[in-house]
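This report refers to the structure that appears directly beneath it.
Numbering (the working numbering), first residue to last: 4 to 325.
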């Protein structure tokens with residue numbers, strides 16, 4: 004079990020995953036969760052902190068507190084994406100983003116798609132230093148990626164458990180997807196809803212794939228990547244039909260991928276280096292070197308080194324000439 008948890012991976016994969024996760028945190032602040040800053044206008048009586056917020060305890064959000072967290076987290080996440088000071092910056096980003104999520108989820112709605120991302124932020128500082136393109140293997144980095152993978156799969160499995168716990172078998176045969184399509188469905192979803200019993204079949208399929216998601220750890224590497232590809236396709240359909248993105252979960256799920264093979268900066272440099280310049284393409288072709296003839300009075304030369312004189316053919320071992 005310990006060998007599986009600490010399976011060594013290339014340091015380049017850890018570096019790429021680290022950069023992707025911290026860049027996503029920065030993007031999350033300005034694209035996906037900028038609405039957290041509006042929580043300061045909500046009366047403090049409506050702030051019902053999560054259990055972790057009650058245990059610490061954390062203060063009631065104010066405009067100053069939320070603004071400081073926003074700008075500090077944005078700056079530190081961008082710095083952490085460079086890979087410098089991985090422990091110091093990593094722990095700082097983890098703490099600030101956890102507080103950001105506590106503020107976001109303490110007003111009645113808790114999103115389960117951020118569990119894998121929070122676990123990734125908690126374990127990345129333990130992975131140590133890693134450079135892009137480094138092929139040497141690290142067990143500490145392998146442990147960080149494995150724990151993130153477990154969190155991603157737990158998100159699926161526990162989601163199915165919650166469906167059956169609170170909805171029972173009626174969740175499978177009810178109108179869950181139909182209500183979702185009515186609330187936030189797209190034109191594609193409207194077309195799918197017209198097919199009889201298709202939504203019921205889809206609900207059975209969702210619960211089945213979530214319950215079977217732990218099988219990804221028992222598959223050979225090639226089939227494991229295929230199953231992860233299926234996970235991504237499932238979320239692509241979800242976005243296209245009921246406009247739910249699960250973006251933080253998708254970012255954490257890249258822990259399954261060989262990210263060390265994806266190096267956009269290196270490929271961009273190669274493409275720029277291969278582009279021929281006009282000076283090179285228009286340059287005239289070089290002329291062949293001209294050889295000066297050997298003068299007749301230079302003296303004897305080796306056999307075969309020059310033309311015959313007086314019509315005589317050179318003889319091996321003898322000088323040219325009469």
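Even for Gly, the Cβ is constructed at its ideal location relative to N, Cα and C. On a predicted model such as this, the values are computed, not experimentally measured, just so you know.
| Item | Value |
| --- | --- |
| When you compare only the Cα positions, how much space is there between residue 247 and residue 12? | 32 Å |
| In the DSSP output, which residue or residues are listed as bridge partners for residue 12? | 141 |
| Tell me the rounded alpha-carbon separation between residue 207 and residue 71. | 45 Å |
| Determine the direct distance from the alpha carbon of residue 18 to that of residue 90, and round the result to whole angstroms. | 13 Å |
| If distances are taken between C-alpha atoms only, which option among 132, 142, 119, 198 comes closest to residue 162? | 119 |
| Does the pairing of the region 257-264 with the region 178-189 give three or more beta-carbon distances under 8 Å? | no |
| As an exercise, report each continuous alpha helix (DSSP H) stretch of at least 4 residues that is fully enclosed by the region 68-126, in chain order. | 89-107, 118-126 |
| Measure from the alpha carbon of residue 32 to the alpha carbon of each residue in 69, 112, 205, then state which is nearest. | 69 |
| Return the chain-ordered list of same chain residues with a C-beta closer than 7 Å to the C-beta of residue 61, the five sequence neighbours on each side being excluded. | 52, 102, 105 |
| Write down every uninterrupted run of the alpha helix (DSSP H) in the region 219-286 whose length is 4 residues or greater and which is fully enclosed by it, in chain order. | 224-245, 250-255, 267-277, 281-284 |
| What is the C-beta distance between residue 23 and residue 254, in whole angstroms, given that I count them as a contact (C-beta under 8 Å)? | 7 Å |
| By how many angstroms is the C-alpha of residue 194 removed from the C-alpha of residue 203? | 15 Å |
| Rounded to whole angstroms, what is the Cα-Cα separation between residue 167 and residue 113? | 18 Å |
| Is it buried or exposed for residue 6, if we count other Cβ within 10 angstroms and need 16 for buried? | exposed |
| When the Cα of residue 49 is compared with those of 37, 58, 63, which residue comes out closest? | 63 |
| If the criterion is Cβ atoms closer than 8 Å, does the pair residue 43 and residue 80 meet it? | no |
| What number of angstroms, rounded off, separates the C-alpha of residue 153 from the C-alpha of residue 222? | 15 Å |
| Let me know if residue 264 comes out buried or exposed under the rule of 16 or more other beta-carbons within 10 Å of its beta-carbon. | exposed |
| Would you kindly work out how many angstroms separate the C-alpha atoms of residue 107 and residue 276, rounded to a whole number? | 47 Å |
| If I measure Cβ to Cβ from residue 308 and keep anything under 7 Å in the same chain, skipping five residues before and after, which residues do I get? | With a pLDDT of 45 at residue 308, under the threshold of 50, the modelled position of that residue is not reliable, and no figure is offered here. |
| Starting from residue 35, trace the alpha helix (DSSP H) both ways and give me its first and last residue. | Premise fails: residue 35 is in no alpha helix (DSSP H) and is neither H nor E. |
| Hey, would you say residue 14 sits closer than 8 Å to residue 134, going by beta carbons? | yes |
| Pick from 175, 145, 111: whose alpha carbon is nearest that of residue 8? | 145 |
| Measure the alpha-carbon distance for residue 132 versus residue 93 and round it to whole angstroms. | 11 Å |
| Can you tell me where the alpha helix (DSSP H) holding residue 56 begins and where it ends? | 54-58 |
| How is residue 134 classed by DSSP in three states: helix, strand or coil? | coil |
| How is residue 152 classed by DSSP in three states: helix, strand or coil? | helix |
| Kindly indicate the opening and closing residues of the alpha helix (DSSP H) around residue 187. | 179-187 |
| What did DSSP end up calling residue 159 once you bin it into helix, strand or coil? | helix |
| What I want to know is whether the C-beta of residue 236 ends up closer than 7 Å to one or more non-hydrogen atoms of the ligand SAM. | The model depicted lacks the ligand SAM and carries no ligand whatsoever. |
| Where does residue 176 fall in DSSP's three states? | helix |
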